[in-house]
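Enquirer: Just passing along the structure, written as structure tokens.
Residue numbers (full-length UniProt numbering): 1 to 65.
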């Protein structure tokens with residue numbers, strides 16, 4: 001769809017629907033902007049967030065047989 005075709009279709013809408021189209025366009029702009037603002041992950045960011053049990057590497061009771 002070309003810009004002219006899109007403009008023609010939007011122009012034929014009643015004013016209340018034009019407002020909805022305008023709101024949707026703003027939503028799409030914000031959505032695209034937020035994609036660009038994704039921060040790069042930092043090494044060690046979750047350090048201390050998870051704690052492993054001291055016997056983590058020991059065999060499980062269920063598999064001892």
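In this text, a Cβ means the ideal position worked out from N, Cα and C, and glycines have one as well.
1) Are residue 10 and residue 21 closer than 7 Å when you measure CB to CB?
2) Is residue 42 helix, strand or coil when you go by DSSP?
3) Hey, how far is the Cα of residue 31 from the Cα of residue 17?
Expert: The structure says:
1) For the purposes of this step, residue 10 is identified with residue 10 of the chain shown, where counting begins at 1. For the purposes of this step, residue 21 is identified with residue 21 of the chain shown, where counting begins at 1. Contact flag set, yes.
2) Taking the first residue of the chain shown as position 1, residue 42 is located at position 42. Residue 42 falls in the coil class under three-state DSSP.
3) Taking the chain shown and counting its residues from 1, the one referred to as residue 31 is at position 31. Taking the chain shown and counting its residues from 1, the one referred to as residue 17 is at position 17. Cα to Cα, the separation comes out at about 21 Å.
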